[in-house]
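Remarks on the structure that follows.
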Amino acid sequence: MSTSSRKGSPPSSSSKPTTRSPTQRLLKELSSLTSDPLPTGILVLSPLDASTSLFAWRAIISGAHLPPQTGYTQGRWLLSITIPPTYPNRPPEIRFENKICHPNIAWSTGEICLDVLKDNWRPVIGIKGAVESVVRLLAEPGVDSPLGIEVAALL
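All you need for the working numbering is the position in the sequence shown, starting with 1, plus 97.
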């Protein structure tokens, strides 16, 4: 059947990411990171073996690949990614494991204030999109609605 003849038909259940189990969805996302990797300087460390939870990932962001004006080019940032059992209907929780001075990141907890990780989450974003959004936040801080008011005042 040609693509043009299917335009008016409803999408099949296999095209709806919210109908898959979280485990199936995460396995698919892990697989797609091989064929469609994150940009240079971002590494997602998925669970290494069956004894490690599929719902706990880590990512490393190398500051060397961030724009020079960010002030983060000398750092390497470790993110913890905790995936809820209701994923992809609920967003992953992503936190910075090491301290970072940023207006949208809590110094003491590493909590990230980012709309796509909260109210603007959509299942289509996925883990890859969420990590890419965190990297964009490093390059373009949201000073209009900061988590750290003191840090935002410095910018």
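Backbone N, C-alpha and C fix where the C-beta goes; we use that ideal spot for every residue, glycine too.
Evaluate the contact criterion for the stretch 134-145 versus the stretch 187-194: three or more CB pairs, one atom per stretch, below 8 Å.
no
How would you write the range of the beta strand (DSSP E) that residue 177 sits in, first residue to last?
173-179
Element boundaries [beta strand (DSSP E), containing residue 153]:
153-159
Identify whether residue 211 lies in helix, strand or coil by the three-state DSSP scheme.
In this structure, DSSP gives residue 211 a state outside helix and strand, which the three-state scheme calls coil.
Classify residue 237 as buried or exposed, calling it buried when 16 or more other Cβ atoms lie within 10 Å of its own Cβ.
exposed
Beta-carbon proximity of residue 164 to residue 186, cut-off 8 Å
no
Can you give the beta carbon distance from residue 154 to residue 180, rounded, assuming they're within the 8 Å contact cut?
7 Å
Report the option in 218, 239, 128, 226 whose CA atom is closest to the CA atom of residue 183.
218
Identify which residue in 230, 142, 158 has its Cα closest to the Cα of residue 170.
Taking each of 230, 142, 158 in turn and checking the Cα distance to residue 170, the smallest one comes out for 158.
Buried or exposed: residue 200, going by 16 or more other Cβ atoms within 10 Å of its Cβ?
buried
What is the rounded straight-line gap between the Cα of residue 161 and the Cα of residue 120?
Annotation: residue 161 to residue 120 spans about 33 Å, alpha carbon to alpha carbon.
Go to residue 224, then tell me how far its beta strand (DSSP E) extends in each direction, as first and last residue.
Run containing residue 224: none in the beta strand (DSSP E); it sits in the alpha helix (DSSP H), 223-236.
With DSSP as the reference, identify every bridge partner of residue 192, one or two as the case may be.
Residue 192 is bridged to 177, 208.
Within the same chain, show all residues whose beta-carbon is closer than 6 Å to that of residue 127, passing over the 5 residues directly before and after it, in chain order.
143
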